[in-house]
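In my numbering, the protein residues as written are 2 to 157.
The following block contains the structure:
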């Protein structure tokens with residue numbers, strides 16, 4: 002039922018943005034497969050969650066994370082205290098492992114980036130030193146300007 006505030010004398014809607022929509026759950030008789038949009042799926046879940054087997058797969062809900070999160074919460078609500086402790090322990094182990102892995106990847110990427118930058122700097126120094134050598138500049142001058150050793154410059 003869609004309810005709004007109207008002027009009783011003129012019938013004019015007081016404010017179209019101020020309205021309430023009341024959902025009468027007993028009148029909602031669609032199956033999960035008949036629901037055509039998210040609002041209908043939410044109404045279906047609210048009405049039927051108590052009777053649903055939260056471990057079963059309901060096709061309309063498997064594609065959207067907001068529904069899978071609700072179904073997961075339903076599964077957790079049905080756990081015994083022992084099962085809930087086991088679940089929390091397994092989740093802690095998983096999260097700890099994931100954080101360790103993610104940190105290692107991040108650290109490796111950072112190290113790889115830094116090594117790549119250092120390699121690029123060294124290549125640029127050699128390129129510039131080679132050009133200076135081709136221009137006939139003294140090796141000592143090239144060494145001072147490039148930061149390379151005289152032996153490295155002679156090999157260019």
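Just so it is clear, CB atoms sit at the ideal spot from N, CA and C, and this is done for glycine as well.
Which of helix, strand or coil does DSSP assign to residue 101? DSSP, read as helix, strand or coil, puts residue 101 in helix.
How far does the alpha helix (DSSP H) with residue 39 in it reach, from first residue to last? Note, residue 39: alpha helix (DSSP H), 39 to 49.
Taking buried to mean at least 16 other C-beta atoms within 10 Å of its own C-beta, is residue 74 buried or exposed? Classification of residue 74: exposed, given that the 10 Å Cβ count is below 16.
So what does DSSP say about residue 113, is it helix, strand or coil? Look at residue 113 here: in three-state DSSP terms it is helix.
Alpha carbon to alpha carbon, what distance is there between residue 107 and residue 151? Each residue's CA atom was taken as its position, placing residue 151 and residue 107 some 38 Å apart.
State the start and end residues of the unbroken alpha helix (DSSP H) segment that holds residue 152. Unbroken alpha helix (DSSP H) run through residue 152: 151 to 155.
Answer with buried or exposed for residue 147, where buried requires no fewer than 16 other C-beta atoms within 10 angstroms of its C-beta. By the 10 Å Cβ count, residue 147 comes out buried.
Beta-carbon within less than 7 Å of residue 71's beta-carbon, same chain only, minus the 5 sequence neighbours each way: which residues are those? Excluding residues within five positions, the ones whose Cβ falls inside 7 Å are 46.
Alpha carbon of residue 114 to alpha carbon of residue 105, nearest angstrom: C-alpha separation (whole angstroms): 14 Å.
Where residue 36 and residue 52 are concerned, what is the direct C-alpha to C-alpha distance, given to the nearest angstrom? Rounded to the nearest angstrom, the two C-alpha atoms are 18 Å apart.
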